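A.B. asks: Chains as they are written, first to last, in the numbering used here: chain U, 81 to 212; chain S, 81 to 212; chain D, 81 to 212; chain Z, 81 to 212. Pasting a structure below so you can have a look.
4 protein chains.
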Amino acid sequence: MDDQLILLFQIKTSSGVPIYRQIIDQVTRLVASGHLKAGDELPSIRRVAGYFEVNPMTISKAYSLLEAVGVLERLRGKGMIVASDQSSTRSLKKRLELIEPVLREAAIQANQLGIPKESVLQAMAEYLEGSK
Amino acid sequence: MDDQLILLFQIKTSSGVPIYRQIIDQVTRLVASGHLKAGDELPSIRRVAGYFEVNPMTISKAYSLLEAVGVLERLRGKGMIVASDQSSTRSLKKRLELIEPVLREAAIQANQLGIPKESVLQAMAEYLEGSK
Amino acid sequence: MDDQLILLFQIKTSSGVPIYRQIIDQVTRLVASGHLKAGDELPSIRRVAGYFEVNPMTISKAYSLLEAVGVLERLRGKGMIVASDQSSTRSLKKRLELIEPVLREAAIQANQLGIPKESVLQAMAEYLEGSK
Amino acid sequence: MDDQLILLFQIKTSSGVPIYRQIIDQVTRLVASGHLKAGDELPSIRRVAGYFEVNPMTISKAYSLLEAVGVLERLRGKGMIVASDQSSTRSLKKRLELIEPVLREAAIQANQLGIPKESVLQAMAEYLEGSK
DNA sequence: GTGGTCTAGACCACC
DNA sequence: GTGGTCTAGACCACA
């Protein structure tokens, strides 16, 4: 497992979202988008914990929950790998479902603020380019 | 202070988001969108608490934080009103700043999922209509 | 009683200090400094309340407390006047005692902030000129 | 977090000033004067509450407001630390701004009492020595 | 271990 | 009537 993968993680210590949640969400998306494929190894708990200077228990919790959901598999003595059956999460439809909540929330807030639809979409388009 | 205003609040107990946060967010948006103007009275802590059957302290916490941020003002012995200087939150630019975080987050997630820009904007457009 | 006197009052509705306290403190200082002398009439409760758009009860409370302390006297059907015996509050020593609390508080805060003595005194000197 | 820090707090129950305000003011000054630096840990809510025999919520309120103002930061599951960006409160100029209100108030009162400038400054100088 | 949230109820100050 | 402050104690989430 090389360091490259660790760099795929983006952890913000003070952002309201709990660290283990950030890990879970990002692994889920990396798998759904195909950046991580069935059988790929994940960086060890110790590596991630050391790299981000967080408690190993926190990473462990994230991995365990991902295992419970069927996204990861535990390989005795080796570590965690992406589970074999990930077919269901690859389709565009499935991926759109994953971002539906945050899109809906954004839409609600925009409407409550009375921001015109065009302005919202324009801003969104910008951010989509910017976060590439 | 009539009942009309209380109806502007939408509180969902146990939706993850703490009650006092829901109040804060809604008042902020009502002010930013112009539904609440400088000098407008807010429903009293006890009224809101009674109406939604929550503890007065919970509402008090929300109002106090809104005062600390400068959105509300206290009228001793009378109640809370919208603070006089709200010029900074009215412009479209300022309102766009208020939803920037959630839009950015949505953009990041979409890109991590590898969803094409057009699909995201299309979905967003739908939700904007839907939440009106 | 002319309007001049009303102008001697400075009421800040939103300053933490209760309105009736502001009235009391200012009358006390006006008497101690000799701006108000024994027998002088004070503006009626209605005038003050009307001028500052506050509840007459608030002004009444302040006058009553000043009467209880012996600073004012009630003249049946006429209003309030400065009490006859005010000799004890006129000396410089007595007046210095009146500002001791606020000076001490300022000194404590300055020391906790580690501000050099000279800077504090210089700032104070400025404000003394400015508030004349 | 050792006991040293708790000793930096001075809480006077029932002195007019609410307990949570006393905490806020003292932390603010400790940070501004450099006694507390960015990253320093604060004594836990439970420790302070236990030490002074006050309700944890009271201390929590103080810490929360200090976080809202940007003086403190939360370390999830660990505690509160002094926020990283405190550059704005360190300079002598900024510290002078912090005591400006109380100095101004003192100046106003002194002038209303007609106390000569020299007497005020002399008294102030004494108190500055006395409160060291 | 840490802080966050909420409740139920008390007492106070102000208007 | 209004909000402010505090208590005592419960339960939860996070590390």
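No residue lacks a Cβ here, since even glycine has one placed at the ideal position from N, Cα and C. The structure presented is a predicted model; accordingly, all values stated were derived computationally and were not measured.
Going by beta carbon distance, what residues of the same chain come within less than 7 Å of G159 (chain U), once the five residues before and after it are set aside?
C.D. replies: Counting from 1 along the first sequence, the entry for residue 159 (chain U) is found at position 79. E121, L122, S124.
A.B. asks: Throw me the rounded Cβ distance for the R170 (chain S) and G119 (chain S) pair, which I believe falls under 8 Å.
C.D. replies: As a working mapping, residue 170 (chain S) is identified with position 90 in the second sequence. As a working mapping, residue 119 (chain S) is identified with position 39 in the second sequence. The pair is not a contact, with the Cβ atoms about 14 Å apart (cut-off 8 Å).
A.B. asks: Nearest-angstrom Cα distance between L201 (chain U) and Y143 (chain Z)?
C.D. replies: Stepping through the first sequence from its first residue, residue 201 (chain U) is reached at position 121. Stepping through the fourth sequence from its first residue, residue 143 (chain Z) is reached at position 63. The straight-line gap from Cα to Cα measures roughly 39 Å.
A.B. asks: Hey, quick one: how far does the alpha helix (DSSP H) through I99 (chain Z) stretch, first residue to last?
C.D. replies: Residue numbering aside, residue 99 (chain Z) sits at position 19 when the fourth sequence is read from its first letter. Taken as a continuous stretch (DSSP letters only), the alpha helix (DSSP H) holding I99 (chain Z) covers 99 to 112.
A.B. asks: Whose C-beta lies closer than 8 Å to the C-beta of E153 (chain S) among residues of the same chain, with five residues either side of it excluded?
C.D. replies: On the second sequence, residue 153 (chain S) is found 73 positions in, with the first residue counted as 1. Contacts found: E147, M160, I161, V162, A163, S164.
A.B. asks: Specify the secondary structure class of I161 (chain U) as computed by DSSP and reduced to three states.
C.D. replies: Along the first sequence, one-based indexing puts residue 161 (chain U) at 81. Strand, per DSSP.
A.B. asks: Who are the Cβ neighbours of Q106 (chain D) in its own chain at under 8 Å, not counting the five residues just before and after it?
C.D. replies: In the third sequence, the residue the question calls residue 106 (chain D) occupies position 26. For Q106 (chain D), where only same-chain residues beyond five positions count, the Cβ hits under 8 Å are L88, F89, Q90.
A.B. asks: As an exercise, report each continuous alpha helix (DSSP H) stretch of at least 4 residues that is fully enclosed by the region 120 to 174 of chain S, in chain order.
C.D. replies: Correct list: 125 to 132, 136 to 149, 167 to 170.
A.B. asks: Thinking C-alpha only, which one of Z:L145, Z:G150, Z:A112, Z:I139 is nearest I86 (chain Z)?
C.D. replies: Position 6 of the fourth sequence, counted from the start, is the residue given in the question as residue 86 (chain Z). When only C-alpha atoms are compared, the closest one is Z:I139.
A.B. asks: Hey, does G150 (chain U) have any beta-carbon neighbour from chain S nearer than 8 Å?
C.D. replies: Along the first sequence, read from residue 1 onward, the residue named residue 150 (chain U) stands at position 70. G150 (chain U) does not count as touching chain S.
A.B. asks: Relative to the alpha-carbon of G150 (chain D), which residue among D:G194, D:P98, D:S167, D:V97 has its alpha-carbon at the smallest distance?
C.D. replies: Taking the first residue of the third sequence as position 1, residue 150 (chain D) is located at position 70. It is D:S167.
A.B. asks: In chain order, what residues of the same chain have a beta carbon less than 8 Å from the beta carbon of M81 (chain Z), not counting five sequence neighbours either side?
C.D. replies: Indexing the fourth sequence from 1 puts residue 81 (chain Z) at position 1. Confidence in M81 (chain Z) is poor, its pLDDT being 48 and thus under 50, which makes the residue's placement unreliable; the coordinate value appears in the next sentence. If we look at M81 (chain Z) and ignore the five residues flanking it on each side, its Cβ neighbours are E121, L122, P123, S124, R127, G159.
A.B. asks: Within 10 angstroms of its Cβ, does R101 (chain S) collect 16 or more other Cβ (buried), or is it exposed?
C.D. replies: As a first step, residue 101 (chain S) must be located in the second sequence, where it is residue number 21. It is exposed - the Cβ of R101 (chain S) has fewer than 16 other Cβ atoms within 10 Å.
A.B. asks: Skipping 5 residues on each side, what residues in its chain have a beta carbon closer than 6 Å to that of L155 (chain D)?
C.D. replies: As a working mapping, residue 155 (chain D) is identified with position 75 in the third sequence. For L155 (chain D), where only same-chain residues beyond five positions count, the Cβ hits under 6 Å are I161.
A.B. asks: Using a Cβ cut-off of 8 Å (strictly closer), state whether M81 (chain Z) contacts chain S.
C.D. replies: By 1-based counting over the fourth sequence, the position of residue 81 (chain Z) is 1. Annotation note: pLDDT 48 at M81 (chain Z) (below 50); position unreliable, coordinate value reported separately. False, the Cβ-Cβ gap to chain S never drops below 8 Å.
A.B. asks: To the nearest angstrom, report how far apart S211 (chain Z) and K141 (chain Z) are at their CA atoms.
C.D. replies: Numbered from its first residue, the fourth sequence carries residue 211 (chain Z) at position 131. Numbered from its first residue, the fourth sequence carries residue 141 (chain Z) at position 61. Near 28 Å, if we compare the C-alpha coordinates of K141 (chain Z) and S211 (chain Z).
A.B. asks: Determine the chain Z residues that contact L145 (chain S) at a beta-carbon separation under 7 Å, and present them in chain order.
C.D. replies: By one-based count along the second sequence, residue 145 (chain S) stands at place 65. Residues of chain Z passing the Cβ test: A148.
A.B. asks: P136 (chain U) versus chain Z: which residues are under 8 Å apart at the beta carbon?
C.D. replies: The count along the first sequence starts at 1 and reaches residue 136 (chain U) at position 56. In chain order: nothing, as chain Z lies at least about 14 Å away.
A.B. asks: S199 (chain D) by DSSP, collapsed to three states: which one?
C.D. replies: Within the third sequence, numbered from 1, the residue matching residue 199 (chain D) stands at position 119. The answer is helix: DSSP assigns S199 (chain D) an H, G or I state.
A.B. asks: Identify each residue in the region 173 to 202 of chain Z for which the Cβ-Cβ distance to at least one residue of chain D is less than 9 Å, and report them in chain order.
C.D. replies: If the cut-off is 9 Å between Cβ atoms, the region 173 to 202 of chain Z has R175, L176, L178, I179, E180, V182, L183, R184, E185, A186, A187, I188, Q189, A190, N191, Q192, L193, G194, I195, P196, K197, S199, V200, L201 near chain D.
A.B. asks: Interface residues of chain S around A205 (chain U) at Cβ under 8 Å?
C.D. replies: Taking the first residue of the first sequence as 1, we reach residue 205 (chain U) at position 125. Within chain S, the residues near A205 (chain U) are K197, L201.
A.B. asks: Taking only beta-carbon atoms, is S164 (chain U) less than 8 Å away from chain Z?
C.D. replies: The sequence position of residue 164 (chain U) within the first sequence is 84, counting from 1. Closer than 8 Å: no.
A.B. asks: Pop quiz: A205 (chain S) and K197 (chain U) are said to be a contact at Cβ under 8 Å. What is the actual Cβ separation, rounded to whole angstroms?
C.D. replies: As a working note, residue 205 (chain S) is residue 125 in the second sequence. As a working note, residue 197 (chain U) is residue 117 in the first sequence. 7 Å between Cβ atoms; contact.
A.B. asks: Take the Cβ of N191 (chain D) as the centre, count every other Cβ of all protein chains shown within 10 Å, and call the residue buried at 16 or more, exposed below.
C.D. replies: One-based indexing of the third sequence puts residue 191 (chain D) at position 111. When all chains shown are included, N191 (chain D) counts as buried.
A.B. asks: Give, in chain order, every residue of the region 104 to 126 of chain S whose Cβ lies closer than 7 Å to some Cβ of chain D.
C.D. replies: Listed by position along the chain: nothing, the set is empty.
A.B. asks: What's the call for T108 (chain U), buried or exposed, on a 16-neighbour Cβ count within 10 Å?
C.D. replies: Taking the first residue of the first sequence as position 1, residue 108 (chain U) is located at position 28. Buried.
A.B. asks: Nearest-angstrom Cα distance between A186 (chain D) and L116 (chain D)?
C.D. replies: As a working mapping, residue 186 (chain D) is identified with position 106 in the third sequence. As a working mapping, residue 116 (chain D) is identified with position 36 in the third sequence. Looking at the two C-alpha atoms, the distance is approximately 28 Å.
A.B. asks: Between T93 (chain D) and N135 (chain D), what straight-line distance do the alpha-carbon atoms span, to the nearest angstrom?
C.D. replies: On the third sequence, residue 93 (chain D) is found 13 positions in, with the first residue counted as 1. On the third sequence, residue 135 (chain D) is found 55 positions in, with the first residue counted as 1. Cα to Cα, the separation comes out at about 12 Å.
A.B. asks: List the DSSP bridge partners of S95 (chain S).
C.D. replies: By 1-based counting over the second sequence, the position of residue 95 (chain S) is 15. S:V97, per the DSSP bridge assignment.
A.B. asks: Taking only the alpha-carbon atoms, compute the straight-line gap between P98 (chain Z) and G194 (chain S) and give it to the nearest angstrom.
C.D. replies: Here residue 98 (chain Z) refers to the residue found at position 18 of the fourth sequence. Here residue 194 (chain S) refers to the residue found at position 114 of the second sequence. Distance between the alpha carbons of P98 (chain Z) and G194 (chain S): 54 Å.
A.B. asks: Tell me the DSSP secondary structure of M81 (chain S) in three-state form.
C.D. replies: On the second sequence, residue 81 (chain S) is found 1 positions in, with the first residue counted as 1. For M81 (chain S), the predicted model reports a pLDDT of 48, less than 50, meaning its position is unreliable and no value from the coordinates is stated.
A.B. asks: Do A129 (chain D) and L176 (chain Z) have their CB atoms nearer than 8 Å?
C.D. replies: Position 49 of the third sequence, counted from the start, is the residue given in the question as residue 129 (chain D). Position 96 of the fourth sequence, counted from the start, is the residue given in the question as residue 176 (chain Z). Cβ distance not < 8 Å, so A129 (chain D) and L176 (chain Z) don't count as in contact.
A.B. asks: Using a Cβ-Cβ cut-off of 6 Å (strictly less than) and excluding sequence neighbours within five positions of M137 (chain U), which residues of its own chain qualify?
C.D. replies: Numbered from 1 along the first sequence, position 57 holds the residue referred to as residue 137 (chain U). There are no such residues.
A.B. asks: Output yes or no for whether 8 Å exceeds the beta carbon distance between V182 (chain D) and Q189 (chain Z).
C.D. replies: The residue you call residue 182 (chain D) lines up with position 102 of the third sequence. The residue you call residue 189 (chain Z) lines up with position 109 of the fourth sequence. Closer than 8 Å, so yes.
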